[in-house]
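So the sequence shown is numbered by our numbering: it starts at 38 and just counts up by one.
Virtual Cβ for every residue (Gly too), placed ideally from N, Cα, C.
Below is one structure, written out as structure tokens; the observations come after it.
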Amino acid sequence: MTINKVMTIAGSDTSGGAGIQADLKTFQELGVYGMTALTTIVTMDPKDWRHSVFPLEVSTLETQINTILSVGIDAMKTGMLGTVEIIELAARKIDENKLERVVIDPVMVCKGEDEALHPETTDAMREFLLPRALVVTPNLFEAGQLAGMKTPHTVAEMKEAAVKIHEQGAKFVLIKGGGKLHSEEKAIDLLYDGKEFRIYESEKLETTYTHGAGCTYSSAITAELAKGKSVYEAVDVAKGFITAAIQQGFRLNEFVGPTWHGAYRGLKKATEYCEDCE
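Take a look at the structure:
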């Protein structure tokens, strides 16, 4: 039996819903072997869930990446990188190892709807990571930042942002609109390959239990790419995976509710016994 291997370069979410914890759960559910290179450790204050971020030394990160690459991988993704130096390191490792199945999830921390907390990292993503990305998976805010425009709020604006991001080197641009496009009746994501737009729709869910949804979505794409699927096939599976995970999201405490990574497996098992399922 061949087990495909994947690497995630991202932060650790102590609460377990996002970051490398979400990545590993998704990899396991989709049948690939995940390995992690930590950039930061994020903890939460039990009283108000205020976050504290503890970056790791870049030299420590590099030794983690080297350990993983010595084994060999079939695909990789990035999440929270945090500094220009780390972004440059990731780009260098991609080049040195001629990695092609690269998913960039451009995790950003924002001050407001249209302002990034560390704009220098956004610039570094444009310069160093977008040209090396097979797929880049921004949410609406991140798409606006990468495209140099206001946060998209319509499908037309998503298309405009996707074109601008593609022009910066990413081969495929997946903008995760989800349920935040209030003018739409469906949860909508947009994929652009430089020629055509593809719309991925699902039921719009009224829930706040979405912690880690972006990490999970990009991880599912990475897992499917590692198994040899095309980008279109990978996004299709990932859309089903994240939709099921959000449908079964749950309350962790008074502050947060994560998605449930085991939902897709349960859904697949259920359809095995459904005679009318397509």
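CA-to-CA distance, residue j to residue i, given in whole angstroms
i    : j    : result
G294 : E197 : 32 Å
N134 : L106 : 8 Å
P168 : K241 : 33 Å
G56  : T188 : 23 Å
T100 : T77  : 14 Å
H298 : A199 : 28 Å
E315 : G181 : Unreliable positioning characterises E315 in this predicted model, as indicated by a pLDDT of 49, which lies under 50. A coordinate reading is not provided.
I225 : T104 : 38 Å
L126 : D142 : 16 Å
I46  : E179 : 18 Å
G48  : L75  : 5 Å
A161 : H88  : 24 Å
Q285 : K223 : 18 Å
L67  : A59  : 12 Å
G317 : L211 : Because the chain in this structure spans residues 38 to 315, residue 317 falls outside the shown range and cannot be described.
M145 : F165 : 16 Å
Y229 : V90  : 34 Å
P83  : N290 : 10 Å
T159 : E243 : 31 Å
L177 : I40  : 34 Å
D132 : A170 : 11 Å
A128 : T115 : 10 Å
H203 : F287 : 35 Å
H155 : V173 : 19 Å
H190 : I102 : 37 Å
Rounded Cβ spacing between residue i and residue j (contact assumed at less than 8 Å)
i    : j    : result
G185 : K201 : 7 Å
T247 : V140 : Not really, about 20 Å apart at Cβ, beyond 8 Å.
L136 : M113 : 6 Å
V17  : A263 : The chain is shown only over 38 to 315; residue 17 falls outside these bounds and no answer can be derived.
T120 : T80  : Incorrect: roughly 19 Å between the Cβ atoms, too far for contact.
Neighbourhood of residue i by C-beta, 6 Å cutoff - its chain only, sequence neighbours within 5 removed
i    : result
L61  : G71
G54  : H248, G249, P295
E194 : none
E261 : A271, V274
T73  : T45, I57
Burial state of residue i, where buried means 16 or more other Cβ atoms lie within 10 Å
i    : result
M38  : exposed
A300 : buried
T97  : exposed
E157 : exposed
S267 : exposed
D111 : buried
P175 : buried
K26  : As displayed, the chain neither begins before 38 nor continues past 315, which places residue 26 out of reach and without an answer.
R138 : buried
F64  : buried
V43  : buried
I283 : buried
Sequence-distant residues of its chain with Cβ nearer than 7 Å to residue i (five each side left out)
i    : result
T245 : G294
V95  : E122, I123, L126
W86  : F292, V293
L304 : A281
S239 : K223, A224, K276, T280
G216 : A224, K241, L242
Contacts around residue i, its chain only, beta-carbon distance under 8 Å, and the 5 residues preceding and following it disregarded
i    : result
D273 : Y237
V192 : G214, L218, E221, I225, L227, I236
I279 : A250, T253, Y254, A257, T296
Q205 : R163, L167, P168, L183
P92  : T76, T77, G119, T120
F325 : No information on residue 325 is available, as it lies outside the stretch 38 to 315 that the chain covers here.
R302 : E66
Residue ranges of each beta strand (DSSP E) run of no fewer than 3 residues wholly in the stretch 49-103, ordered along the chain?
Annotation note: the stretch 49-103 contains the following uninterrupted beta strand (DSSP E) runs of length 3 or greater, listed N- to C-terminal: 70-81, 88-92.
Tell me the start and end of each unbroken beta strand (DSSP E) in the stretch 205-293 that is at least 3 residues and wholly inside, in chain order.
209-215, 223-229, 234-240
Note down, one range per segment and in chain order, each alpha helix (DSSP H) of at least 4 residues found wholly within the stretch 146-198.
Qualifying alpha helix (DSSP H) stretches, in chain order: 156-161, 177-184.
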